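Take a look at the structure below.
Numbering (this note's numbering), first residue to last: 14 to 278.
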C-alpha cells in the first residue's frame, strides 16, 4: 500500500522519545512519593510542556527528512490539515461535537501511521492558531492527536479490508480513541488542580491506587459527557461519510504516486 510518509529508524526513535517524555510528564503525580520535590514544585511543570513541544517539532522534522517528503505529499498534508483545522471550530463548545476526529481516522487509515502522526500534530497546531487556543496544553494536544491519527494507520489489513467491515473497524477505533484522547488531556491538566481536599483533586499522600481513583472520578465528573459526544460524532460521521471519503483519499493517493520522484523535462 502506498504511504505518503514512512517511519524510518530516526523517526521511530524520536517518536519513542517524545512519547516517553509525554507519558512521564503526565504520570509523575501517580508515581511520585509525597516527599518528592516534584510535588512541591508543580509550578515548574510548564517547562515540561515546552520540552514536549520541542520534541514534537523534532519528530516532524525527522519524519519529513527521513521519508523524503515530496511536494505532492506536502500538498496533501496541507489540504487535510487545513480541512481538519476548519472542521474543529464547527462543534467547539457544543458537548464535545468535534467533526475533525473522523477525518483524522480516515486519513490515518489510508495514508499510514507516519503521515498520520505528522497530520494529527500539524492539524492540531493549525486549529489552535485558527481558534486562538494556543497555551501550555497545546503540545499535549498535538501529541495525543498525533497518536490518535497514527493509531488509525496501524489498524490491521489496510490493503484487504473494505466495505462495511472496514467502516465498523474504523468507527470502533474512533469511539475508543476519542475517550483515550480525552483521558490523556485530562491527565495533562489534572495534576495542577488545587489540592482542596475534594475526592477528585490529586493527593500526594494517596498513593498510586488512590490517585488513580481520584483521577477516574475527575474524568467522570468533568469530561465524560464531552468525551461521549466526541466519540459518538466520530462514529456517526465515519459510518455516514466514510465510504466516499475513503474512496476520495485512496483515489488521490493513487494518482499522486507519492513514491514516484518528480521529474522535469
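Glycine residues also receive a C-beta, built at the ideal position from the N, C-alpha and C atoms. Computed from a prediction, not measured in an experiment: that's the story for all the values here.
Nonlocal neighbours in the same chain, by C-beta distance under 6 Å from residue i, ignoring five residues either side
i           : result
residue 312 : No answer is possible for residue 312: the residues shown for the chain start at 14 and end at 278.
residue 137 : 154, 155, 158
For residue j and residue i, the rounded distance between their alpha carbons
i           : j           : result
residue 115 : residue 148 : 24 Å
residue 222 : residue 236 : 21 Å
residue 113 : residue 34  : 26 Å
residue 239 : residue 101 : 14 Å
residue 85  : residue 257 : 21 Å
residue 38  : residue 253 : 38 Å
residue 268 : residue 139 : 26 Å
residue 203 : residue 118 : 27 Å
residue 196 : residue 189 : 11 Å
residue 243 : residue 249 : 10 Å
residue 69  : residue 26  : 12 Å
residue 95  : residue 217 : 42 Å
residue 32  : residue 260 : 32 Å
residue 54  : residue 90  : Residue confidence for residue 54 is low, a pLDDT of 45 falling below 50, so the modelled location carries little weight and cannot support an answer.
residue 178 : residue 184 : 10 Å
residue 78  : residue 152 : 21 Å
residue 103 : residue 134 : 19 Å
residue 21  : residue 211 : 47 Å
Among the options, nearest to residue i - alpha-carbon criterion
i           : options            : result
residue 88  : 78, 100, 132, 163  : 132
residue 24  : 43, 71, 41         : 71
residue 66  : 110, 265, 28, 162  : 28
residue 144 : 74, 202, 261, 97   : 97
residue 170 : 139, 187, 245, 182 : 182
residue 194 : 218, 219, 162      : 162
residue 176 : 261, 90, 255, 264  : 255
residue 265 : 92, 22, 32, 64     : 92
residue 168 : 123, 152, 135      : 123
residue 36  : 22, 135, 160, 215  : 160
residue 142 : 99, 111, 174, 110  : 99
Reduced DSSP category for residue i - H, G, I as helix; E, B as strand; rest coil
i           : result
residue 264 : helix
residue 166 : helix
residue 110 : coil
residue 120 : helix
residue 160 : helix
residue 203 : helix
residue 240 : helix
residue 171 : coil
residue 140 : helix
residue 41  : helix
residue 147 : coil
residue 218 : coil
residue 211 : coil
7 Å CB neighbourhood of residue i in its chain, flanking five on each side removed
i           : result
residue 213 : 227, 230, 231, 234
residue 64  : 34
residue 30  : 68
Heavy atom of the ligand FAD within 7 Å of residue i beta-carbon
i          : result
residue 99 : What this structure holds is no ligand at all, so the ligand FAD is not there to describe.
Supposed close pair residue i, residue j - CB separation, criterion 8 Å
i           : j           : result
residue 251 : residue 191 : Wrong, their Cβ atoms sit about 11 Å apart, outside the cutoff.
residue 180 : residue 43  : Contact flag wrong, Cβ pair sits at about 36 Å.
residue 164 : residue 186 : 7 Å
Cutoff 8 Å: residue i Cβ touching any chain B Cβ
i           : result
residue 262 : Although the question refers to chain B, the structure presented lacks it and comprises just one protein chain.
Cut-off 8 Å between Cβ atoms - residues of its own chain near residue i, not counting five sequence neighbours on either side
i           : result
residue 150 : 62, 198, 201, 202
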